[in-house]
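In our numbering, the protein residues as written are 574 to 978.
Glycine included, every Cβ here is placed at the ideal spot set by N, Cα and C.
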Amino acid sequence: MEVLLLAIYSFFVWLIFFKFKWLPWNTASMVIVVTIPVVGLTALILALNVFAPSSHDVRVIKYVANISSQVRGRVIEVADGNKPLRKGDVLYRVDPTPYQLQVNALEAQLANTVGSSRELEEQLAGSVAQVSSSRSAIDQAAARVAQAGAELELATRRAAQNRELVAKGAGNRFDLEQAETNLRNAQSALDSARSAEAQARSAWGQALAGERQIRQRMGAKSGGEWAQIAQTRAQLEQAKWELAQTVAYAPANGTPVNVQLRPGAMVAVLANTPSLSFVEDEFTVVALYDQNELTQVKPGDEAEIVLETLPGEIIKAKVDSIIWAQGQGQSVNSVALPQTGAAGPPPARFPVKLTVDPKFRDVFFAAGARGNAAIYTESGEMIHIIRKVILRINTKINYLILKLH
574 MEVLLLAIYS FFVWLIFFKF KWLPWNTASM VIVVTIPVVG LTALILALNV
624 FAPSSHDVRV IKYVANISSQ VRGRVIEVAD GNKPLRKGDV LYRVDPTPYQ
674 LQVNALEAQL ANTVGSSREL EEQLAGSVAQ VSSSRSAIDQ AAARVAQAGA
724 ELELATRRAA QNRELVAKGA GNRFDLEQAE TNLRNAQSAL DSARSAEAQA
774 RSAWGQALAG ERQIRQRMGA KSGGEWAQIA QTRAQLEQAK WELAQTVAYA
824 PANGTPVNVQ LRPGAMVAVL ANTPSLSFVE DEFTVVALYD QNELTQVKPG
874 DEAEIVLETL PGEIIKAKVD SIIWAQGQGQ SVNSVALPQT GAAGPPPARF
924 PVKLTVDPKF RDVFFAAGAR GNAAIYTESG EMIHIIRKVI LRINTKINYL
974 ILKLH
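Rendered as structure tokens:
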């Protein structure tokens, strides 16, 4: 663009001083003619760098997902590399046979556990009923003991009264013998009642011990069901999850790149050793600027991007944000004193994140593509056209492949 402006300027100098000779061509005019473009171009370039800053380091960045296996096994199928996939498409499959067998075994174990639990529940219900029946028997036996005790007390008083009457000659021997017989019968009835109560208490203790034993076999409850069933069900869910993990799916729209995985290879659960890399279609465009070029730039400013992979294309964009941070601003968490070096490091640049206009979202942006970009601030709109012309010249130059072989 500067060359074009100089060419136009030179044309007018030729017209004024040589073609029509409106002004004399002398030392003073030569100094003026040379000074005007030097000062003008210098001022123009300085103004452009402030109000329409450009960057020659634009990068297309895509997210790369490292796909790691969640299970161990032999690979039986792998998707073709470097071919676009949709979210949910299969990346690779691991032989599911051992995991399916584990699921089948746990399903059978769960059914057996549920059946055993139902039997135990029935036994528990019977044991609880037996405990209740034994408790009722104890109450009945205790009532009979109390009744027999009262009858024994009455028989004891009657026998004592008859002895006293016989001793005084006022009673007969037959009534005394009958009273003593009743006393012995009452004592025998009390002993029988106490024995029955002891047997009832023993039966109640045995029933209670049986109930406690059944409850111990069933275990505690977890989540509304018996712990043994809950444990088996959790193991089954874990086995089903592992079975589902034998198939790896694309996490988003994208492309598996540099696929070295092959059928027959073994994969394992190693987070630091991914099975393959998956490049998502979602991308971010970042332009790097010197620190003093961003004084007038704000989010929302208009921008244009030129990429070497898309010669002839001008991609419209807007400033999304300025990342006011870079590596030289990070302090290492260490007790060692900072190393300043013999000379200070060169000034680091700040990245500016650009959002591409939605109408260009269908254009393919290769990960790692580079190019140029310009940001048009709210000030200096009159000179924005110059930067736009420069960008359009650059995108046409991208058609040229400048190498000698």
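Kindly indicate which three-state DSSP category H957 falls into: helix, strand or coil?
-> helix
Element boundaries [alpha helix (DSSP H), containing F923] = Element bounds for F923: not the alpha helix (DSSP H) but the beta strand (DSSP E), 923-929.
Within the chosen definition, does the region 655-669 reach the region 827-844 through at least 3 CB pairs nearer than 8 Å?
-> yes
Three-way DSSP call (helix, strand, coil) for F590 in this model = helix
Identity of the residue in L596, W598, S627 nearest V892 by Cα = S627
Backbone secondary structure at F856 - three-state DSSP | strand
C-alpha distance - W678 paired with P671, whole-angstrom precision = Checking the sequence, you will find Ala at residue 678 rather than Trp. Distance between the alpha carbons of A678 and P671: 11 Å.
What does DSSP give as the partner residues of T828 in its beta bridges?
-> V852
Run the CB neighbour count on F923, radius 10 Å, all protein chains shown included, and call it buried at 16 or more, exposed below.
-> buried
Verify whether the separation of the beta carbon atoms of T805 and Q682 is less than 8 Å.
-> yes
Separation of Q772 from A733, as counted between CA atoms = 33 Å
In its own chain, which residues sit with a C-beta less than 8 Å from the C-beta of A589, not counting the 5 before and 5 after it?
-> For clarity, residue 589 is Ile in the given sequence; the question names Ala instead. If we look at I589 and ignore the five residues flanking it on each side, its Cβ neighbours are W595, L596.
Count the other C-beta atoms from every protein chain shown that fall within 10 angstroms of the C-beta of E810, then say buried if there are 16 or more, exposed otherwise.
-> exposed
Is D712 helix, strand or coil by DSSP?
-> helix
Which class does N735 belong to by DSSP, given the choice of helix, strand or coil?
-> helix
Cβ atoms of V879 and L964: under 8 Å apart, would you say?
-> yes
Specify the secondary structure class of L834 as computed by DSSP and reduced to three states.
-> coil
From R730 to S775, what distance separates their C-alpha atoms?
-> 33 Å
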